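Reading through the structure tokens given below for one structure.
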Amino acid sequence: MVRLLGIGESSPTALPSFGVGIDLGTTFSVVACAENQKATVLDLLGGQDLIPSVLTEHFELAASPKEGYYYNFKNIMETPDSPALPYAAAASLPTAVDVSTALLKNLKNLAEKKLKWPLERVVITVPARFSDVARKATKKAAQQAGFSVLRLLNEPTAAALAYGLQRHSKAGLYLVYDLGGGTFDATLLRIEENIFQILATAGDLHLGGNTIDAALLEKMGRDPTLPQNWFEVRALKEHYNNSGEASSPLLPFESFEQSVGDVVQKTVAIVKKILTDTQTAPADIQDVLLVGGSTRLRPVFQAMRALFGAEKILNSLDPDRTVALGAALQAEALTQGHSASRPLLLDILPSSLGMETLAGCVENIIPKYTPTPIRVTMTFSTAYNNQTEVLIHIVQGESLYVEQCRSLGRFILKGIRPMPKETPIINVTFAVDDDGILSICASEEISGTQKKMTIETHLG
8 MVRLLGIGES SPTALPSFGV GIDLGTTFSV VACAENQKAT VLDLLGGQDL
58 IPSVLTEHFE LAASPKEGYY YNFKNIMETP DSPALPYAAA ASLPTAVDVS
108 TALLKNLKNL AEKKLKWPLE RVVITVPARF SDVARKATKK AAQQAGFSVL
158 RLLNEPTAAA LAYGLQRHSK AGLYLVYDLG GGTFDATLLR IEENIFQILA
208 TAGDLHLGGN TIDAALLEKM GRDPTLPQNW FEVRALKEHY NNSGEASSPL
258 LPFESFEQSV GDVVQKTVAI VKKILTDTQT APADIQDVLL VGGSTRLRPV
308 FQAMRALFGA EKILNSLDPD RTVALGAALQ AEALTQGHSA SRPLLLDILP
358 SSLGMETLAG CVENIIPKYT PTPIRVTMTF STAYNNQTEV LIHIVQGESL
408 YVEQCRSLGR FILKGIRPMP KETPIINVTF AVDDDGILSI CASEEISGTQ
458 KKMTIETHLG
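Per my numbering, the sequence shown starts with residue 8, numbered consecutively.
Structure, rendered in structure tokens:
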């Protein structure tokens, strides 16, 4: 029997008027909601909106890491089918995807109680240099948790979106310095009205707050395999954030500054490379956005002040929550459909993509910093008479030679009819989607043979 709604009732399948974004972080995760281009972070645990990305052995939320608990599992999303070790010890050996799914389920349940609405469509953020494997693993975890992923949004882009829409930024060039728990990204972009154009991005997937923690643990002479030591070193960072130069019995101030400063200088080198690659002077930058909890550390501010000047450093934004706010704003825009006020995001490919040709050379198919999504087709042929198969070898990098590039994957296109060399028409299509996932399709027109694959490796 068809049921008709009564007066004042609303359809439970109607789309919500708000958008929800999730910053799935290494150390903390944050859920935000946006409506009418105003975003707020959701208080999910009675006064707590920063949810530790830590789970018990029973996949329940935990306040801090302990032996047998799951934490730092975002760092192993590059190998999502491997056991979530050494970060936890459990007989069932769940994978990074399993643990991420469990965390997202917990966040989903809490958010639904808060919003009093079934939560399905979300935007989830990822590091700008997350590989194709890690992006697909994140999306899979979200889908297994019951989400429909509107978009995987790069974290620096989300931060810029939050700043641009909520702070009414001036037109110009901006630098996002994103030092997260496990990764570092630096992104140069241009903001003009509602257009956010990414110009360049660089980073390190193994350089973040955890790197600083490891350096401090080494300086303190502590065992990095014990979870309680990581918890203690984070308390040390909070002490110096709040107390200035007042020395801690755990580590003298000078030693603390030196250990943190050594890591920060690695991020400065990445920032300088972006400026050099794009021929941008520090004076050309309108503002610098500091994102990620580790940017509260004084050596970060000092390094950025030395490079750009104190007046350009935006530390009024909440570095722990900005990414989630931007994700929520993008979710609202995607949920509500096209409008004049909807932001236009123009992201890019961080590195060139190409394929191997004769003599170990590389044919560049999509140059780095090309806006995405992008689809490019190039035509090749055979090198020998009666050649019935060809090797499609996909590489990443800026060199003209395969040996100096990174191999992304390879497959063989078979079934080509025997013909004179240079007669077959082999079309190879590279397609990078909105989520930064690369797909390859190769076909030979005369024979009608075709093969497709999704590259299972790093695009950043």
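All C-beta atoms, glycine included, are put in the ideal place defined by N, C-alpha and C. Just so it is clear, the structure is predicted and the values come from calculations on it, not from any experiment.
How is P256 classed by DSSP in three states: helix, strand or coil? coil
With S155 as the anchor, note down where its beta strand (DSSP E) starts and where it stops. 155 to 161
Please look up how many angstroms separate the CB atoms of I447 and L353, rounded, as I've assumed it's under 8 Å. About 23 Å; that fails the 8 Å criterion.
Can you give me the start and stop residues for the alpha helix (DSSP H) that E119 sits inside? 103 to 122
Helix, strand or coil at L328 [DSSP, three-state]: Looking at the sequence itself, residue 328 is Arg, so the reference to Leu does not match. It is coil, neither helix nor strand.
Cα separation between A169 and P289? 23 Å
Could you check whether T342 and L356 sit closer than 8 Å to each other, using their CB atoms as the reference points? no
If you follow the alpha helix (DSSP H) that D192 is in, where does it begin and where does it stop? From DSSP, D192 is part of no alpha helix (DSSP H) but of the beta strand (DSSP E) over 191 to 199.
Would you say V271 touches the ligand COA, meaning its beta carbon is less than 7 Å from a heavy atom? Looking at this structure, you won't find the ligand COA or any other ligand, since it has none at all.
Using beta-carbon positions only, say whether R417 and I433 come within less than 8 Å of one another. no
For K280, count neighbouring C-beta atoms within 10 Å of its own C-beta (all shown protein chains included) and say buried if the count is 16 or more, exposed if not. exposed
On the DSSP bridge list, what partners appear for N371? G361
Round the Cβ separation of L182 and V278 to the nearest angstrom and send it over; I've been treating them as touching at under 8 Å. 7 Å
Are there 16 or more other CB atoms within 10 angstroms of the CB of L351, so buried, or fewer, so exposed? exposed
Under 8 Å: do the region 206 to 219 and the region 227 to 234 share three or more Cβ pairs, one atom per stretch? no
Please confirm if the region 327 to 335 is in contact with the region 37 to 57, defined as three or more CB-CB distances below 8 Å between the two stretches. yes
List the whole-angstrom C-beta distance separating N82 from G189, where the pair is believed to meet the contact cut-off of C-beta under 8 Å. 5 Å
Would you mind giving the Cβ-Cβ distance between A167 and L296, rounded to the nearest angstrom? I have them listed as a contact below 8 Å. 7 Å
Cβ-based neighbour list, S3, same chain, cut-off 6 Å, excluding 5 preceding and 5 following: Residue 3 lies beyond the residue range present for the chain, which begins at 8 and ends at 467; the question has no answer from this structure.
Do A46 and L336 come within 8 Å of each other at the CB atom, strictly closer than that value? yes
CA-to-CA distance, T145 to W237, given in whole angstroms: 25 Å
Same chain, Cβ closer than 7 Å to A109, five either side skipped, listed in chain order: L62, F66
Closer than 7 Å by C-beta to P291: which residues in its own chain qualify, once you throw out the five before and the five after it? Chain order, please. Strictly speaking, residue 291 in this sequence is Asp, with Pro absent from that position. Closer than 7 Å at Cβ, skipping near neighbours: L180.
Could you give the distance in angstroms between the alpha-carbon of L282 and the alpha-carbon of L214? 19 Å
Here's the rule: buried if 16 or more other CB atoms are within 10 angstroms of the residue's CB, otherwise exposed. What is A178? exposed
Please report how far the alpha carbon of S250 lies from the alpha carbon of A222, in whole angstroms. 21 Å
Between the C-alpha atoms of P234 and G299, what's the straight-line distance to the nearest angstrom? 21 Å
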